Structures are given as C-alpha cells and as structure tokens.
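I have placed the structure first, in the form of structure tokens, so that the comments after it can refer back to it.
Protein chains in written order, with this note's numbering: chain S, 863 to 1354; chain X, 29 to 400; chain R, 11 to 337.
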C-alpha cells in the first residue's frame, strides 16, 4: 500500500531513514550536505544547504555549544533532544519543523537542521551565511539631505532598516509566503493603530490569493494589490527603494510589502500627488518646497503634454504663437522633408530607444552610446535637415522633464505618444478628448476607499497645504494626519 | 471599461479626425503680414505682404542682410475674391492670423465695415486687434516701399503707428474698433510715404542712389456715413485726452530765447453727464501732468508753464468742439454712446438717429494741468 | 451606489453651462438683456428646484413611466448636445473637422468616461471647470484693455421681446435642471446646496462674461458667437490668442456633460430593465449616434466617415458583449 504524503514525509526515529527521505525529497540535490557524528552516545546528523549556511556560525553557535553542554556524559536520544531544544539557547532563531517538507524549507532559508537517532523530530537553527548585497545608496531615488541608505535584496536586512528607523512596538511585520514554486518570503508591515484594519485585512487577503508560480520582483505583486488593475492608467501602488520613505508612509497610515530578493518595497494606497514629493521636501524651507513642487508639476505636464500641444498649435492654431516664434518655426520647418507630426513621432521614438539603451547597455560602452546618441544622432539629424532644431530643443526639454518624476515614467512615455498622435491628427479637439478620458480614468480610482486624486479631487482643506507646499512641521506635530483623512465624505 | 478601451477610443478619434478633412500644415502656408486695399473702378485691388523664409538667411528668419517680405497684388470686384486670386497666384494657402496691419488706400471708406472686411470676419484665424490705417494715394505703393533693408515692413508700420499714437500726433485703430463702433465714426491713422531729406543731397545725386523712404503717421482720417474728415495732429492730441491710455503731448513752449519742447502726460478723465430738460450736458475734465525736472526749473517759471500748457490744451479742445460739434456734427468723442448707455430712452425716442441725439447734446471740456 | 458631494454635482452641471456659454449666439439681441434674462432664469430655476428635489421617488408603474421619460429625455439632450457641438465647431473652425467625425469621437469618449462612473466624471468636472474659469480669467486680463463700460446699454427697441426670447432660450437649453432632478437628487446628500452653488456660479459667470463681451466688442457682440470673438481678441504676452484654449475646455466640458447624460440614461434604463449590462447604454448610444452622425454628414465623405463609423459600431458591439463588471 502506498504511503500517504504525511507518512512519507514524517520524521522517522531511524536517522538513516530520515536522511534518505530528506535526500529523496530534495531529489538528491548536490548542495544538500549532511554530516553525522555521535553526541553523548547518540548518533546525530546535521544537514545544511551549501552556500546558504555559515559554517563558522554553525560550528561556533550550534555545534560547539552542544558539545560543551553534552560534555562527556551519555545521553538518551530524548534527553539529548530536550537538551538541545529546551535547555540551551544556541541561536535566537530556532524552529522545530513538523515534517520533512518544512525542514527542507528551513534548509533553503539558510537554517541548519539537526536530527537524532531515536527521535522522530528535528531542530532547526538559523545560521544564515549566504552572500548578500550590502546596503547601498538607492539607485533610482536620489536626494541631497536625506538618508543615503536603500533597501537591498535580503528581506531580513530590509526589515531591520525599517525597524531601526521606527523603534515603535506598534510597528508590525507579518511574514507571508507567495509563489507556488519560489515560495518567496514577504513581509507585510504597518503601524498598528495608524493603518486602518480594513486596509490591512484586504492586503493580507490579496497577498494570500496570489497564485503565481514565481514571485521574483516587486512588479509581480503589484497587480494583485491594485483595485482596478486592468482599468487604471495610473497605479495605486507605489514602489520605493528607500526605508525612510517607507517609514514616512507607514506613519501616514499606509501599509508596505517587503519582498525577499528585490530592493523595492510596495506601498499602498498611493496618491497621485505623492509622486511629486521627495525626501528633501521635509528638510527644506517651506517656501523652497513650494517652488520645487511647482517645478515638478510643470515638469510632469511638460513631459506629457507639451510635445502634443506643440504639434497641435503649430499645425492647427499657429495664431496662438507669437509672431517671432512662428516665423522661426516656419523658417526651420520649411527645409525638413517630413511634416512636423511625423518628425515629432520619429524623435519621440528615438528618445525612448535611447532611454531603453541607456538602461540595458553594459557600462563599458556607456560613453560610446552617449556620444552616438547625443552628438551623432541629434546634431547630425539637424544639420542634415531631417529634423528641425526647435523640435530637438522641445524633445530635449521633454526628456529632461520626464526624469524629474521617475514614479510616473511609464505613464509619461505612453501618454506622451498618445497626446502627440491626438494633437497631430485632431488638434486641440483631440487633446481635449484624450485629456477628458484620462482625467475621468484617474479620478475614478478609489483605492481602498481613498480617491487616487486626493487631496486635489475631491478637494480637502486639510490636505490642500500638502499639494503645492509642505505643512509646517509644528502643524504636523499637532495634526497627526493619516491617509484616511482623505477618505471622501459624501457631503462635507 | 478596461484600459484597452481608452486606447481604442483614442484610436477611433484619430482615425475619424484624420480621415475627415484635408490636412494643411499651417507651417506650409503663406504668412500674410500686411494687407492693402485700394479702390478701383471695377472693384478692389488687394496687396499682400507675405513672409518669405527662403530669403531670410540660414540661422534665423530675420536676417537684416536680406529682405524677407514678398509683395503680391490682385484685383477683383470684391475684397474676398481678390484675396482668393492672390492665393491662387502664390500657390499656397494664406494664413492671415498674424496680420499686423490693414491699410486702406485713398477712396476706400470703411462706412460699411462688415461688408468691406467680410473676408477677415469669415476666417477664424483673423485677429480682431489687427491695426487699421489709411493712406494718401495707393496702399500698394506704401506696402511695396522698401523702408529699410531686411526689416519686416508690416512690423515697422505698426510700430510707427503706435509711436505716433503714444505721442498723440495720431490715433490707433483696430478692426474691432471699426466693427464695434456702431454709429460713431471710425478714426484711422493717416500714413504718408515721404522721402527723407539728406544734407549730402549733392553727393547722393552724383552717386545715382534713390533717397530713402520713410512713413509718418501725422494726423488721422475720420470716416462716417457720407464722407470723411481730416484730423490734424493737434486734433488727434485732443482725442488722446479721451483715450484712457497712457499718452503724451509734446508742446512747444516759448522761452526768453526761443522755443522749447515740454512733455505733458495724460492722466485721468473726469466726466459728468446731466440732463436738463431736453438738453444733455457733458462736462469733461481731462487731467494732465508735467513731470518736473532740471530743464524745466532752469528754463521756465513753473506756475507760468502750468498755465501756458493748460491754455494751449484748452484752446485745442475748444477748437475741436467748435469744429466737430458745432459746424460738422461728427461725434468723435462718443457722446452718442454715452447717451445710449445713460439715457437709453432718449436714444430710443430719437429713433437711434445720431444727428438728432447730437442736436440735444452740449459738451464742455475743462483741462487741468499741473506740474508734479 | 456611490455618492458625490454637492460641489461636485454643481461642477458637473457647470460643465453644461460652460459649454453652452461658449457656443452662445445672441442672434442680434442685446447682451445686457441676455445677462438679465439669465439672472432671472437662474433665480426661477433655483426656486423651482427646491420643492422638486424634495419629491419622493415614484415607485411601481408610475415610477417606470418616469424612468422611461427620463431616459428618453437624456437621450434627446445627449443628441442635441453633440449635434450643437458639431454645428458650432463647423461655424467656428470651418474646414477642420467633419461633423460626423466629431460626433463619433465625442460619443465614444463620453461612453468611456461614463463607464468610469459618476464619481470619476464629477471629480474630473471639478478640475475642468476650475481650469476653464482660470482660462477665462486670463482671457479677461488679455481683453481688459479694450473694455469700455459705456458700451453697456439697454437702448434696444424691443426690450420686452428680447428679454422674453432670451429667457425662453435659457430655459429651453438648460439640461441641468432635469439632470439635477433625475440624477443628482439621488446621488447627492444635499441637492439643494448643489443647486444653490450651481445657480449662483452660473448667474455670475453669464453676467460677467456677457458684460465683458458687450463692453469689449460693442456692436459686434450681438452677432455670431461673442465668446469666440472675445477669445480671438484677447491677447497676452505669452498666449497670443485664446480661441484654441477655449476650444479645449469647451470640448472637455461637452464631453463630461455627455458622459453625465449617458450615466443618467444608463441608470434609468437599468431601472426599467434591471438585468441590463453596465455597458448597454454605450452599446445603445454609440450606434444611434453614429447613425445620426452619418445622416448629419450627409454621406458627403463616405471614404472617410464609413470606416470611422464601422469602428464605432464595432466598438459598441464589443462593449455590449463584454461581461458585466463589478461597479
């Protein structure tokens, strides 16, 4: 009779049977290392995955203390097991797996598992020693006056980075596992009492419902956390590489998800106006913050709307331009072979091409690409008359502006093309129609009951100061506002 | 709806918009800077100044070394047909959105402006603030004149008109002023093409070069139903007092050893309108000021200067009233508009007849001048 | 059913007002009389809306009749709005767009916006109205040099006739009052406050705009579309002309108005036929409007309009076949 799964993978009192079952479970993988020895007269075995456990820690924190505790005395198997599991404190991370699959999971997580002859059980000790990336400066979110630490690929380290900044017992980390095959460890973190329980519950449920086989990047989980994933042009979930940003968001009543293997944490709910905030805003004078926020808003609309509006104005409504500007444009466009609309499309596609190349290219050829892209293509294209110089200036400004708001980079790129096509084929009428659709799309997003366009739409007085500026820190210390303040009342 | 519908709806928009009309890239159209309209026996002659980028150098469109305007003329029974003929001859669609000035030649009278300017009214590109001017002789001659090498002539014309208007020696008039003035006469600046006098005339004639041309806008023409009247620069300065804009008057004031120029700035205008029986009495008090400076203090007695300036301007105003509201009954100060606004029943009782209304009006101007 | 605030409801109704104001034609009447008529109309409609908004919703057969009438009115108003818009575009921007294409594109965009729900449309309307008013303010600055208060007058021969004509026009084209009663009453906690805010802003907007048009344009204000003339005249140092910007907001407001009517139509239709898919209104409207666009365009450009119309019908059919999504 074939054994049931529980019977097959249960611990056996026979050490050799247990070890055989373990090897069978792991498919005889070559990185499973087992060592046998006698401790106190009891035959024991320790199993580790090569490269995941630290041998130094294994010997100094586990084996040596056990041997010292046993001394030379003879032990019974149960006595030895009790000594190891209850009467000694070897590592803070100690687990008692219930069966071999759990033991295997712990092995893959960097634990060492101790088996003893005559004991139908095992003890696992955290002796992680796998190579990990150090805590570095964040690669995508730079700032001047804030912290220079960013998340790394190790979940435990990331948790510690957040915990270090928020020494509050209300800060909770819930460990979850996602990915049927990868079994990636994730941590749902929130500040109890600040984050709404409904929000945490919903997130927990959604994370539990993830049915993906492999969860290897933060982007894999984003669709599961978004409420209107297939509808929204914008995302209700933001990703950040900075622990200080996560702490700030947790303080505002949001929740974050840390994922093992990726240096990006997901924060939700996220609002549209938050894309225009940076860490430096908290460290700068309020009047400077107002200026910088304005610059960022202008940069976003510049990046998305300006090329399309330029094509629309030049083709359909040239009377809007001043005379001298129009004369300049006319003179420069006369010599180019393509229409302004086609030129703009070509140069926009070229821009996206160069952006993609700059991300993917090996660092060794970086400077060559910059020279080729900037000088050869840009300058030569103008001199040969394929595109006009005002157009190049506009696209250069647009490209620069699009890097000001990295959080909306995807939307900027796509919507820019849509606006260029709308403006080029239908003028301001096309731009108006597309704008109407985008506005209703963004305004209809209600993530976890909080409007995505809050505190702008619907307008809330409390949050109004945060749109263009920053509330004074003294006022913040009195208000203790959270994101739930933006929840729309049916009538104020 | 799913996100894909956003892109489908946008695609539908583009498809329907792109397929529904002929695309004319505006940058490929001929930019008309100035329009001249002359009266012919069988209709009108239209002269267009068109921007020509090909002759404007390599880097920028305004290259002082080369001329960048091109003049084209066509005649037809109506202005609209003449414009169409110009378009045909140019081989490009006309873009009149940045037209700077419309010059009316001698014989063209804007007494029915909506018919005369129908072509401009029908185009959505037309700018209602385009300047209007009239000229002695032909508008085509004015627009064809090479004022200075390489300059865009239309811009120069506008600048000349505006400078003259600011110095109160002429007026500024736009298409909207003419279309919206109703029964009031349209007052247009009068442009004259003159040759500049040169001290080395002898040398010029030996070398065979033509004397340079320049345009001045001294005075104005007032057009009304039934005719036109010429306004001298002094009469234009009276109109400037009622303009509400920042204008200056340059008065020639005698000193012990000759004459000197004094700049008088226009200030506010106080007006009161009262009705006494059948008569409507208008009282205007334009306020002017002279900015005190070292030259005034050294040349003049300030109190006498103040009185002199006041008397000079008062005299002009009284002569103005006497001429236009005494003899000729031409409502250049907009009294009918004020009656319509403040005493609508009087206007209605007069049946909207401007002459009858003016017959009931009496205007008095009292100029104030102070040195500040 | 999601609710909107009274200010959002007012903003949605203001979209109708802005769209109507921009395309307003006095037909020779005095602008001052038109402003006076608008003031009276706003006061009258506000007073009427107070008791009407307190009426209980009808149930049973009477309720169905009311729903049917309301749905029919919404469809009628939607068709008129789109047709008027296409007409006015032809008048103001001749040769740029064909009426069929405009109707089709706007109907498709309105269907998409309506599918985003009333909350989305109402919030977008707030943004649209605020931006439109800011643009109007900028335009006013650009035109203020030409303001002459003396041009404001009521010296017109038939004052009573003009006033009554303008008053009738103000009532006849006001889709907002029925919208308030059909839609906003159920989706706003304080419909009377919404009405008060809306009518106050509408009266102010109309009076200021018409007074501005009259004082700047003079006699020209009574002819054609004075708002467009004003937009063509206003000039600042950065923006030479405002007519293109005005067209942008006019289109935006018309789109949101059409979306609101579509939502209203869909809700009334679902009251009549409870099992209807959420997308049925779009599926009904788009072919109907496409057909209207084709007839309106007169088949003058079959090569251009027919493929566009085919896409519209295809899009409508696809949306009809789409499964019901959660609201």
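Beta carbons are placed, not taken as given, at the ideal position from N, Cα and C, and that holds for glycine.
Values in this document were obtained by computation on a predicted structure and should not be read as measured data.
Asked: Hey, is residue 38 of chain X's beta-carbon within less than 8 Å of any beta-carbon in chain S?; Found: yes
Asked: Which parts of the segment 1258 to 1288 of chain S are runs of the alpha helix (DSSP H), unbroken and 4 residues or longer, counting only runs that do not cross its ends?; Found: none
Asked: Residues in its own chain within less than 6 Å of residue 40 of chain X by CB, not counting five upstream and five downstream?; Found: none
Asked: Of the choices S/1255, S/1289, S/877 and S/1187, whose alpha-carbon is the least far from that of residue 1174 of chain S?; Found: S/1289
Asked: For residue 161 of chain R, which residues in chain X fall below 8 Å Cβ to Cβ?; Found: 208, 365 and 369
Asked: Indicate the three-state DSSP secondary structure (helix, strand or coil) for residue 348 of chain X in the structure shown.; Found: helix
Asked: Could you list the residues in the segment 1304 to 1326 of chain S with a C-beta less than 9 Å from some C-beta on chain R, going in chain order?; Found: 1304, 1305, 1306, 1307, 1308, 1313, 1315, 1318, 1319, 1320 and 1321
Asked: Thinking residue 257 of chain X and residue 163 of chain X are a contact (beta carbons under 8 Å), I'd like their distance in whole angstroms, please.; Found: No, residue 257 of chain X and residue 163 of chain X are not in contact; Cβ-Cβ is about 16 Å, not under 8 Å.
Asked: So for residue 959 of chain S, helix, strand or coil by DSSP?; Found: coil
Asked: Along chain S, in chain order, which residues have C-beta atoms closer than 9 Å to that of residue 120 of chain X?; Found: Residues of chain S passing the Cβ test: none, with the nearest at roughly 11 Å.
Asked: Can you name the residues of chain S whose CB is closer than 7 Å to the CB of residue 261 of chain R?; Found: 1291, 1294 and 1295
Asked: Is the CB-CB distance between residue 1056 of chain S and residue 1113 of chain S below 8 Å?; Found: yes
Asked: For residue 228 of chain R, which residues in chain X fall below 7 Å Cβ to Cβ?; Found: 208, 209 and 210
Asked: Does the separation of the CB atoms of residue 959 of chain S and residue 968 of chain S fall below 8 Å?; Found: yes
Asked: Starting from the C-beta of residue 132 of chain X, find all residues in its chain whose C-beta is less than 6 Å away, skip the five residues before and the five after it, and write them out in chain order.; Found: 65 and 162
Asked: Considering only residues of the segment 1111 to 1169 of chain S, which uninterrupted beta strand (DSSP E) runs meet the minimum length of 3 residues and lie entirely inside it, listed in chain order?; Found: 1117 to 1121 and 1127 to 1130
Asked: Whose CA, out of X/376, X/363 and X/203, lies closest to the CA of residue 169 of chain R?; Found: X/376
Asked: Check residue 1095 of chain S in the structure and name its three-state DSSP category.; Found: coil
Asked: If you check the beta carbons only, do residue 1068 of chain S and residue 1038 of chain S fall under 8 Å apart?; Found: no
Asked: Measuring only between beta-carbons, confirm whether residue 390 of chain X sits less than 8 Å from chain R.; Found: no
Asked: With a threshold of 16 other CB atoms inside 10 Å of the CB of residue 1215 of chain S, please say whether the residue is buried or exposed.; Found: exposed
Asked: Check the Cβ-Cβ distances between residue 181 of chain R and every residue of chain X, and say whether any is below 8 Å.; Found: no
Asked: In the DSSP output, what is residue 1051 of chain S paired with across the bridge?; Found: S/1035 and S/1118
Asked: Give a yes or no on whether the minimum CB-CB distance between residue 1099 of chain S and chain X is below 8 Å.; Found: no
Asked: DSSP has residue 1313 of chain S in a bridge; who is on the other side?; Found: S/1308
Asked: Which whole-angstrom value describes the C-beta separation of residue 916 of chain S and residue 1010 of chain S, a residue pair presumed to lie in contact below a C-beta threshold of 8 Å?; Found: Between residue 1010 of chain S and residue 916 of chain S the Cβ distance is about 28 Å, and since that is not below 8 Å, they are no contact.
Asked: Rounding to the nearest angstrom, what Cα-Cα distance links residue 90 of chain X and residue 159 of chain R in this structure?; Found: Residue confidence is low: residue 90 of chain X scores 44 on pLDDT, short of 50, so the model does not pin down where it sits. No coordinate-derived value is stated.
Asked: Could you work out which residue in X/250, X/168 and X/388 is closest to residue 129 of chain X when comparing CA atoms only?; Found: X/168
Asked: Using a Cβ-Cβ cut-off of 8 Å, state whether residue 15 of chain R counts as contacting chain X.; Found: no
Asked: Nearest chain S C-beta to residue 18 of chain R closer than 8 Å, yes or no?; Found: yes
Asked: Give a yes or no on contact between the segment 248 to 259 of chain R and the segment 104 to 123 of chain R, applying the rule of three or more CB pairs nearer than 8 Å.; Found: no
Asked: Whose C-beta lies closer than 6 Å to the C-beta of residue 1122 of chain S among residues of the same chain, with five residues either side of it excluded?; Found: 1017, 1046 and 1047
Asked: Given this structure, state the Cα-to-Cα distance separating residue 1150 of chain S from residue 76 of chain X, to the nearest angstrom.; Found: 52 Å
Asked: What I want to know is whether the C-beta of residue 1292 of chain S ends up closer than 7 Å to one or more non-hydrogen atoms of the ligand MN.; Found: Absence of the ligand MN from the depicted structure is noted, as is the absence of any ligand whatsoever, leaving it without description.
Asked: Cβ atoms of residue 154 of chain R and residue 45 of chain R: under 8 Å apart, would you say?; Found: no
Asked: Can you check whether the CB of residue 80 of chain R is closer than 8 Å to the CB of residue 192 of chain R?; Found: yes
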